[in-house]
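*Asks:*
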Amino acid sequence: MNKCFRFLRSMKFGILLLVLIMAVSFFGTVITQGQADEFYLANYQAAYLILALGLDHVYYTPYFLGLGVLLIGNLTLCSLVRFRSSFHGGESRLAAAQKIRTGRPATEEQLAKICAHLEKRRYHRRENEAVAVYYKNLIGGSGSFLVHLSLVLILIFGAVVIYTGKSQVYGVNYDAPLTLEDGTTVSLQDFVTTDSEGNVHYESTLTVTAPDGREITECASVNHPINFAGKKYFQDTYGYAVWLTIENTVNGAVDEIFLTEPAFLRTSQSGAGIYYMAVSTDYMQGPDGRLEVISDRVEEGKEAVFILSVMDGTDSGMTTGVVAQDQEVAVEDIIFTFRGIRPYPGIRIKETSRVLMGLLYASFGLMIAGLWFCFFQPPVCVTVGKTAGKGFYHIGGLRSPEGLENELQLCMEGDKCKT
């Protein structure tokens with residue numbers, strides 16, 4: 280039982296878990312995550328294996344979550360083992376230093392110089408009948424415990440943030456602001472797919488208005504989200520909106536709208552109107568001038584054709600066909616003109632608890648404090664005394680005492696002690 284416990288808290292087991300987590304994460308990196316089964320069947324030769332092993336959503340699989348739980352357990356056990364030594368280690372170090380009766384030889388005058396130097400360096404002093412111990416940074420012994428504890432907290436809070444945070448992709452169009460459940464509105468000001476040099480670059484200029492009235496207008500691009508009012512707005516994907524104008528021939532009013540999905544545009548209560556179904560830039564024109572759609576592919580920069588049905592309001596009065604760009608379609612007193620296509624962004628909006636994010640950042644702060652203790656505040660004890668009538672001093676606690684040793688040697692040689 281003890282052997283099993285020692286293995287579960289050992290560094291070997293922790294490294295093994297990290298290697299396994301890295302191996303599983305590798306598949307999550309090279310395999311597109313979260314798509315429909317048909318996507319994998321069409322794009323991967325090992326699609327059935329991917330789906331069977333859950334590699335299409337690897338970070339939510341039982342084995343990945345299990346490895347994470349085991350790693351948290353390993354770090355927790357390491358932290359518990361270091362807890363006692365961290366908070367009682369200072370007294371143990373002092374007790375051990377007070378028992379030392381041998382070390383580097385020194386005369387009484389040299390010992391006096393060492394003691395004066397250490398007091399100037401603000402070392403604390405504790406003595407018994409045989410030796411005096413100068414010490415400082417005993418709290419530095421807690422650095423290892425704080426690092427292990429912070430890793431546990433980072434894993435726990437990080438997992439809670441990832442698996443409980445809300446994340447959803449929304450299409451944001453030009454003519455209608457997106458309104459979220461809490462009242463936040465997102466308006467699209469501009470969207471580009473290339474930069475000024477013609478390179479691929481997806482960037483959305485968004486105006487975000489919080490429920491309390493605060494507003495911001497910024498650009499969201501790949502790997503550069505907008506962070507505002509507790510939400511992050513990522514450039515995730517894009518699609519094409521159908522751009523058309525609607526003219527009322529009676530009063531001359533002209534409206535401009537964008538459609539991102541099939542829609543029925545009614546012109547009267549009788550049921551007359553048009554039903555827009557799809558758009559394509561992959562088409563051909565026959566000898567008789569008729570347009571024929573080859574596929575549903577859409578490419579920016581090409582003229583598009585539009586598949587729709589025209590209804591005159593009667594049960595049998597419906598005509599389905601393909602119309603060209605800028606071709607007018609008249610229904611009663613309304614003229615519909617399809618002007619083309621315009622790209623629009625898909626924005627991923629992530630929302631996480633501010634309390635959880637605060638705890639996560641605090642855990643990183645705790646790790647920094649632990650590392651600072653480990654590397655810059657190591658505990659040190661210098662034992663000074665006499666044994667068999669001969670003076671000595673001994674440096675303990677430091678893994679590399681050469682620096683302090685040289686300092687004390689300079690101090691003993693003359694008036695070269697550092698202050």
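Take the sequence shown: its position 88, counting from 1, is numbered 367 in the working numbering, and each next residue is one higher. The beta carbon of each residue, even a glycine, is placed where N, CA and C say it ideally should be. Remember, predicted model here, so these are calculated numbers, not experimental data.
Using a Cβ-Cβ cutoff of less than 7 Å, which residues in the same chain neighbour Leu-570 once the five nearest sequence positions on both sides are dropped?
*Replies:* What you label residue 570 is simply residue 291 of the sequence shown in a count that begins at 1. Only Tyr-562, Gln-564, Val-584, Val-601 and Ala-603 meet the Cβ criterion.
*Asks:* Hey, how far is the Cα of Tyr-319 from the Cα of Arg-576?
*Replies:* If you number the sequence shown from 1, residue 319 lands on position 40. If you number the sequence shown from 1, residue 576 lands on position 297. The straight-line gap from Cα to Cα measures roughly 20 Å.
*Asks:* For Asp-534, which beta-bridge partners are listed by DSSP?
*Replies:* Taking the sequence shown and counting its residues from 1, the one referred to as residue 534 is at position 255. DSSP lists Ile-525 as partners of Asp-534.
*Asks:* Which residues in the same chain as Glu-607 place their Cβ atom closer than 6 Å to its Cβ, once the five residues preceding and following it in sequence are excluded?
*Replies:* Indexing the sequence shown from 1 puts residue 607 at position 328. Taken in chain order, the residues that qualify are Ile-614 and Thr-616.
*Asks:* Please state whether the Cβ-Cβ distance between Ala-557 and Ile-586 is less than 9 Å.
*Replies:* As a working note, residue 557 is residue 278 in the sequence shown. As a working note, residue 586 is residue 307 in the sequence shown. In contact: Ala-557 and Ile-586 (Cβ atoms closer than 9 Å).
*Asks:* Could you spell out the range, first to last residue, of the alpha helix (DSSP H) harbouring Tyr-327?
*Replies:* One-based indexing of the sequence shown puts residue 327 at position 48. Element bounds for Tyr-327: 326-332.
*Asks:* So the alpha helix (DSSP H) Gly-462 belongs to, where does it begin and stop?
*Replies:* Taking the sequence shown and counting its residues from 1, one reaches residue 462 at position 183. Neither: Gly-462 is in no alpha helix (DSSP H) and is coded neither H nor E.
*Asks:* Quick check: Ile-620 and Ala-542, are their CB atoms within less than 9 Å of each other?
*Replies:* Against the sequence shown, residue 620 aligns to sequence position 341. Against the sequence shown, residue 542 aligns to sequence position 263. No, the Cβ-Cβ distance between Ile-620 and Ala-542 is not below 9 Å.
*Asks:* Less than 9 Å between the beta carbons of Lys-508 and Ala-532, yes or no?
*Replies:* Here residue 508 corresponds to residue number 229 of the sequence shown, with the count starting at 1. Here residue 532 corresponds to residue number 253 of the sequence shown, with the count starting at 1. The sequence given here places Ala at residue 508; Lys does not occur at that position. Not in contact: Ala-508 and Ala-532 (Cβ atoms no closer than 9 Å).
*Asks:* By how many angstroms is the C-alpha of Arg-633 removed from the C-alpha of Thr-546?
*Replies:* On the sequence shown, position 267 is the one that residue 546 refers to. On the sequence shown, position 354 is the one that residue 633 refers to. So the alpha carbons of these two residues sit roughly 48 Å apart.
*Asks:* Leaving out the 5 sequence neighbours to the left and right, which residues in its chain are closer than 7 Å to Ala-648 when beta-carbon positions are compared?
*Replies:* To locate residue 648, count along the sequence shown from 1; it is residue 369. The residues are Leu-425.
*Asks:* Taking Cβ positions, are Gly-422 and Leu-650 nearer each other than 9 Å?
*Replies:* Stepping through the sequence shown from its first residue, residue 422 is reached at position 143. Stepping through the sequence shown from its first residue, residue 650 is reached at position 371. Yes, these two residues count as a Cβ contact at 9 Å.
*Asks:* Are the beta-carbon atoms of Ile-628 and Val-465 separated by less than 9 Å?
*Replies:* The count along the sequence shown starts at 1 and reaches residue 628 at position 349. The count along the sequence shown starts at 1 and reaches residue 465 at position 186. Closer than 9 Å, so yes.
*Asks:* Could you give the residue range of the beta strand (DSSP E) that holds Tyr-672?
*Replies:* Sequence index remark: in the sequence shown, residue 672 carries index 393 (1-based). First-last of the beta strand (DSSP E) with Tyr-672: 669-675.
*Asks:* Quick one: grab the DSSP three-state call for Asn-407.
*Replies:* Within the sequence shown, residue 407 is the residue found at index 128, counting from 1. Reduced to three states, the DSSP call for Asn-407 is coil.
*Asks:* Where DSSP assigns a beta bridge to Ser-500, which residues make up the other side?
*Replies:* One-based indexing of the sequence shown puts residue 500 at position 221. For Ser-500, which the question treats as bridged, DSSP gives the partners Glu-482 and His-503.
*Asks:* Suppose you measure from the CA of Thr-443 to the CA of Phe-436; what does that come to, to the nearest Å?
*Replies:* For the purposes of this step, residue 443 is taken as the residue at position 164 of the sequence shown. For the purposes of this step, residue 436 is taken as the residue at position 157 of the sequence shown. Between Thr-443 and Phe-436, the C-alpha separation is close to 10 Å.
*Asks:* In this structure, how does DSSP classify Ile-628 when only helix, strand and coil are distinguished?
*Replies:* Here residue 628 corresponds to residue number 349 of the sequence shown, with the count starting at 1. In the structure shown, Ile-628 sits in a strand (DSSP, three-state: E or B).
*Asks:* Tell me whether Gln-389 is buried or exposed, calling it buried when 16 or more other Cβ atoms sit within 10 Å of its Cβ.
*Replies:* Walking along the sequence shown from the start, residue 389 turns up at place 110. Gln-389 should be labelled buried.
*Asks:* What residue range is occupied by the uninterrupted alpha helix (DSSP H) comprising Gly-644?
*Replies:* In the sequence shown, residue 644 corresponds to position 365, counting from 1. Note, Gly-644: alpha helix (DSSP H), 633-655.
*Asks:* Residue range of the beta strand (DSSP E) that Ala-603 falls in?
*Replies:* Position 324 of the sequence shown, counting from 1, holds the residue named residue 603. Where Ala-603 is concerned, the enclosing beta strand (DSSP E) stretches over 597-603.
*Asks:* Closest to Ser-549 by CA distance: which of Val-439, Ile-441, Gly-596 and Asp-515 is it?
*Replies:* Here residue 549 refers to the residue found at position 270 of the sequence shown. Nearest option by C-alpha distance: Gly-596.
*Asks:* Got a sec, what are the start and stop residues for the beta strand (DSSP E) Arg-383 sits in?
*Replies:* Working through the sequence shown from its first residue, we reach residue 383 at position 104. 383-385 is the extent of the beta strand (DSSP E) around Arg-383.
*Asks:* Taking the alpha carbon of Gln-314 as the point to measure from, which residue in Leu-639, Ala-325, Leu-297 and His-336 has its own alpha carbon closest?
*Replies:* Locating residue 314 in the sequence shown gives position 35, where the first residue counts as 1. Ranking Leu-639, Ala-325, Leu-297 and His-336 by Cα distance to Gln-314 puts His-336 first.
*Asks:* Going along the chain, which residues of its own chain have a beta-carbon closer than 8 Å to the beta-carbon of Arg-703, five neighbours each way excluded?
*Replies:* The question about residue 703 has no answer, for the chain in this structure spans 280 to 698.
*Asks:* Tell me whether the beta-carbon of Leu-346 lies closer than 9 Å to the beta-carbon of Leu-287.
*Replies:* Start at 1 with the first residue of the sequence shown, and residue 346 comes out as number 67. Start at 1 with the first residue of the sequence shown, and residue 287 comes out as number 8. Not in contact: Leu-346 and Leu-287 (Cβ atoms no closer than 9 Å).
*Asks:* Taking a contact to mean a Cβ-Cβ separation below 9 Å, would you say Asp-454 touches Glu-535 in this structure?
*Replies:* Residue 454 sits at position 175 when you count from the first residue of the sequence shown. Residue 535 sits at position 256 when you count from the first residue of the sequence shown. Result yes, Cβ atoms of Asp-454 and Glu-535 sit closer than 9 Å.
*Asks:* Under the rule that 16 or more other beta-carbon atoms within 10 Å means buried, what is Leu-344, buried or exposed?
*Replies:* On the sequence shown, residue 344 is found 65 positions in, with the first residue counted as 1. Leu-344 should be labelled exposed.
*Asks:* Beta carbon of Ser-429, beta carbon of Leu-645: below 9 Å?
*Replies:* Here residue 429 refers to the residue found at position 150 of the sequence shown. Here residue 645 refers to the residue found at position 366 of the sequence shown. Yes, Cβ-Cβ distance for Ser-429 and Leu-645 is below 9 Å.
*Asks:* Using the C-alpha atoms, what's the distance from Gly-352 back to Asn-284?
*Replies:* Translated into the one-based positions of the sequence shown, residue 284 becomes position 5. Translated into the one-based positions of the sequence shown, residue 352 becomes position 73. Checking the sequence, you will find Phe at residue 284 rather than Asn. Whole-angstrom Cα-Cα distance: 11 Å.
*Asks:* Please return the same chain residues whose Cβ sits closer than 7 Å to the Cβ of Lys-697, not counting the five positions on each side in sequence.
*Replies:* On the sequence shown, residue 697 is found 418 positions in, with the first residue counted as 1. Residue placement at Lys-697 is poorly supported in this model, since its pLDDT is 48, which falls under 50; the coordinates are not used for a value here.
*Asks:* Which of the three DSSP states is assigned to Asp-335 in this structure?
*Replies:* As a working note, residue 335 is residue 56 in the sequence shown. Asp-335 falls in the helix class under three-state DSSP.
*Asks:* Taking the C-alpha atoms as reference points, what is the distance between Ala-391 and Phe-671?
*Replies:* What you label residue 391 is simply residue 112 of the sequence shown in a count that begins at 1. What you label residue 671 is simply residue 392 of the sequence shown in a count that begins at 1. Ala-391 and Phe-671: Cα-Cα distance of roughly 11 Å.
*Asks:* Let me know if Asn-281 comes out buried or exposed under the rule of 16 or more other beta-carbons within 10 Å of its beta-carbon.
*Replies:* The count along the sequence shown starts at 1 and reaches residue 281 at position 2. When all chains shown are included, Asn-281 counts as exposed.
*Asks:* Identify the residues that DSSP records as bridge partners of Pro-622: which are they?
*Replies:* By 1-based counting over the sequence shown, the position of residue 622 is 343. Note: Pro-622 sits in a beta bridge opposite Tyr-519.
*Asks:* Let's see if you can read the secondary structure: which residues bound the beta strand (DSSP E) around Ser-559?
*Replies:* Position 280 of the sequence shown holds residue 559. Counting along the chain, the beta strand (DSSP E) containing Ser-559 begins and ends at 552-559.
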